[in-house]
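Participant: Sequential numbering from 242 applies to the sequence shown in the working numbering.
Glycine included, each C-beta is placed from N, C-alpha and C at the ideal position.
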Amino acid sequence: MTIKVGIPRGLMYHVYYPLWAKFFENLEVEVVLSDKTNKKIIDDGVKNCVDEACLPVKIYHGHVINLKDRVDYIFVPRIMSVEKNEFICPKFCGLPEMVKYSIKGIPKLIETTINFRSSRKDLKKIIYEIGSHFTQNMKKIELAYERALGDYHAYKDLIKKGMLPIDILENKSYRNRNSNFRKILLLGHSYTMYDGHISMDVIDKLRKNGCTVITQDSFSSQYINEKANTLDKKMFWTFGRQIIGAGLCAMDQRDIVGVVYLSSFACGLDSVIGDIIERRIRRESNLPFMLLTVDEHTGEAGVNTRIEAFLDMIRWREKNEANFSAHGKHLSIH
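Right under this line is the structure:
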């Protein structure tokens, strides 16, 4: 009988799924992906997670519940750091414990710790720890990872060519190539932006209104780092640095006509990052900026109204106001 490993369609799914899935498949393990986020998954997650957690973490619990009766293992890594001297959101560090002690009747978790804050010297150890659940052949595990890494690099190359992760993972052919469309920069965590249920399909809504949507994934790491380094202090949250860097990149791009920040209610990092980006954009550019905050109670009608108003403002200033600042004139007070 083939061993089945479940991968929840949440949190780091849009970042690392091609790597994780191919690694398991190369070890002759069947990968079972949870269903797309829906109302039942959200309701189950909310019921089985602490109230203080942000919406993406609650939804992750719902995805685990969606998988628990269909698989032998569920892959819930403890991701602490993926870059040197940087960290991931603290909730990721305790995610395996949150899942284990909140949800009854779950199968065994693969909860390997991933911590590259000091160095990547433990990478082989991490790979072996995950792979040893299915085989003791270390050479087979190493080869499985190397092949999976090739698929992951191919995935990243498609993103560099203009595709968004959501288009690649859902086998859509959409590419950001129409130069006549207004270009909107959508910022936020991948698990918020690319989950259609959490984001209220904001990407599709913008596209249907004649916009080309880009995200922080659309910029090179070098460009993002260059801009993030202009901050007074180093941003030690990896994804926060990427979001801020992309927001600052937008001010140099004349073809970007607006910035939308999609934030999760109760996310401490979003509350800080969103404020920094909004202040910098207002002070140093005339780009329209909109903050959309979502939680499990957010209604689609309200999101639709705000997007329509935001795009109406952009069209109006293009037609009537010669791109005057959407924020008024910044005055320095000494």
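1) Give me the Cα-Cα distance between Leu-533 and Ile-367, rounded to the nearest whole angstrom.
2) Given this structure, state the Cα-to-Cα distance separating Arg-520 from Lys-299, to the nearest angstrom.
3) Only counting the same chain, and skipping five residues up and downstream in sequence, which positions put a Cβ closer than 6 Å to that of Ile-400?
4) From Phe-333, Met-321, Asp-398 and Asp-310, pick the residue whose C-alpha is nearest to that of Tyr-301; which is it?
5) Kindly indicate the opening and closing residues of the alpha helix (DSSP H) around Gly-429.
6) Can you look up Thr-376 in the DSSP assignment and give me helix, strand or coil?
7) Indicate whether the contact test is met: 3 or more Cβ pairs, each with one atom in the segment 432-452 and one in the segment 266-280, closer than 8 Å.
8) Buried or exposed: which applies to Phe-265, given that a residue is buried once 16 or more other Cβ atoms fall within 10 Å of its Cβ?
9) Less than 8 Å separating the beta-carbons of Asn-307 and Ile-347?
10) Look at Lys-446 and Ile-320 and say whether their C-beta atoms are less than 8 Å apart.
11) Could you tell me which of Val-443, Asn-326, Ile-484 and Lys-381 sits nearest to Leu-428, measuring between CA atoms?
12) Which residues does DSSP list as the beta-bridge partners of Thr-354?
13) Just list the beta strand (DSSP E) runs in the segment 429-480, keeping only unbroken ones of 3 residues or longer that don't cross its boundaries, in chain order.
14) What runs of the alpha helix (DSSP H), each 4 residues or longer, lie entirely inside the segment 274-312?
15) In the DSSP assignment, the alpha helix (DSSP H) including Thr-546 goes from what residue to what residue?
16) Quick one: what's got a C-beta closer than 6 Å to Leu-260's C-beta in the same chain, skipping five residues either side?
17) Closest to Thr-539 by CA distance: which of Asn-466, Ile-455, Phe-506 and Glu-327 is it?
18) Look up Phe-506 in the DSSP assignment and say whether it is helix, strand or coil.
19) Excluding five sequence neighbours on each side, which residues of the same chain lie with their C-beta closer than 6 Å to the C-beta of Thr-243?
20) Note the first and the last residue of the continuous alpha helix (DSSP H) segment covering Ile-409.
21) Rounded C-beta distance between Tyr-369 and His-255? I'm assuming under 8 Å.
22) Using 8 Å for Cβ pairs, my map puts Glu-537 next to Val-287. What's the rounded Cβ distance?
23) Of all the options Glu-383, Asn-378, Lys-349 and Phe-375, which has the alpha carbon lying nearest to the alpha carbon of Leu-364?
24) Quick check: what's the CA-CA separation for Gly-247 versus Phe-375?
25) Between Lys-468 and the rest of its own chain, which residues show a CB-CB distance below 6 Å, the 5 nearest in sequence each way excluded?
26) Below 7 Å CB to CB, which residues in the same chain sit around Phe-448 once its five sequence neighbours on both sides are set aside?
27) Consult DSSP for Val-500 and reduce its assignment to one of helix, strand or coil.
28) Check the DSSP bridge columns for Ile-517 and list the partner residues they point to.
29) In the DSSP output, which residue or residues are listed as bridge partners for Met-531?
30) Could you have a look at Ile-329 and say whether DSSP puts it in helix, strand or coil?
Facilitator: Concretely, from the data shown:
1) Here residue 533 is taken as the residue at index 292 of the sequence shown, counted from 1. Here residue 367 is taken as the residue at index 126 of the sequence shown, counted from 1. If I take the Cα positions, the gap works out to 37 Å.
2) Counted from its first residue, the sequence shown places residue 520 at position 279. Counted from its first residue, the sequence shown places residue 299 at position 58. One C-alpha to the other measures close to 30 Å.
3) Counted from its first residue, the sequence shown places residue 400 at position 159. Answer for Ile-400: Asp-458, listed in chain order.
4) By one-based count along the sequence shown, residue 301 stands at place 60. Among Phe-333, Met-321, Asp-398 and Asp-310, the Cα nearest to that of Tyr-301 belongs to Phe-333.
5) Position 188 of the sequence shown, counted from the first residue, corresponds to residue 429. Note, Gly-429: premise wrong, no alpha helix (DSSP H); not H, not E.
6) Here the question's residue 376 lines up with position 135 in the sequence shown. Of the three classes helix, strand and coil, the one that applies to Thr-376 here is coil, per DSSP.
7) yes
8) Indexing the sequence shown from 1 puts residue 265 at position 24. Phe-265 should be labelled buried.
9) Reading the sequence shown from its first residue, position 66 is the one you call residue 307. Reading the sequence shown from its first residue, position 106 is the one you call residue 347. Cβ distance not < 8 Å, so Asn-307 and Ile-347 don't count as in contact.
10) If you number the sequence shown from 1, residue 446 lands on position 205. If you number the sequence shown from 1, residue 320 lands on position 79. Taking 8 Å as the cut-off, the beta carbon of Lys-446 is found no closer than this to the beta carbon of Ile-320.
11) Against the sequence shown, residue 428 aligns to sequence position 187. Ranking Val-443, Asn-326, Ile-484 and Lys-381 by Cα distance to Leu-428 puts Ile-484 first.
12) For the purposes of this step, residue 354 is taken as the residue at position 113 of the sequence shown. Partner(s): Arg-319.
13) The qualifying runs are 452-455.
14) 280-288 and 296-308
15) As a first step, residue 546 is located in the sequence shown; it is residue number 305 there, counting from the start. Counting along the chain, the alpha helix (DSSP H) containing Thr-546 begins and ends at 541-561.
16) Here residue 260 refers to the residue found at position 19 when the sequence shown is read from its first residue. For Leu-260, where only same-chain residues beyond five positions count, the Cβ hits under 6 Å are Ala-389 and Tyr-393.
17) Position 298 of the sequence shown holds residue 539. For Thr-539, the nearest C-alpha among the options comes from Phe-506.
18) One-based indexing of the sequence shown puts residue 506 at position 265. Here Phe-506 carries a coil assignment [DSSP, helix/strand/coil].
19) Position 2 of the sequence shown, counted from the first residue, corresponds to residue 243. Same-chain partners within the cutoff: Glu-271.
20) Start at 1 with the first residue of the sequence shown, and residue 409 comes out as number 168. Taken as a continuous stretch (DSSP letters only), the alpha helix (DSSP H) holding Ile-409 covers 406-410.
21) The count along the sequence shown starts at 1 and reaches residue 369 at position 128. The count along the sequence shown starts at 1 and reaches residue 255 at position 14. Wrong, their Cβ atoms sit about 26 Å apart, outside the cutoff.
22) The residue labelled residue 537 in the question sits at position 296 within the sequence shown. The residue labelled residue 287 in the question sits at position 46 within the sequence shown. Correct: roughly 6 Å between the Cβ atoms.
23) By 1-based counting over the sequence shown, the position of residue 364 is 123. For Leu-364, the nearest C-alpha among the options comes from Glu-383.
24) The count along the sequence shown starts at 1 and reaches residue 247 at position 6. The count along the sequence shown starts at 1 and reaches residue 375 at position 134. Looking at the two C-alpha atoms, the distance is approximately 14 Å.
25) Reading the sequence shown from its first residue, position 227 is the one you call residue 468. Cβ within range, chain order: Gly-486, Leu-489 and Cys-490.
26) Here residue 448 refers to the residue found at position 207 when the sequence shown is read from its first residue. Per the sequence shown, residue 448 should be read as Arg rather than Phe. So the qualifying residues of the chain are Val-454.
27) Position 259 of the sequence shown, counted from the first residue, corresponds to residue 500. In this structure, Val-500 counts as strand in the three-state DSSP scheme.
28) Along the sequence shown, read from residue 1 onward, the residue named residue 517 stands at position 276. DSSP output for Ile-517 lists no bridge partner at all.
29) Position 290 of the sequence shown, counted from the start, is the residue given in the question as residue 531. Bridge partners of Met-531: Val-501.
30) If you number the sequence shown from 1, residue 329 lands on position 88. In the structure shown, Ile-329 sits in coil (DSSP, three-state: anything other than H, G, I, E or B).
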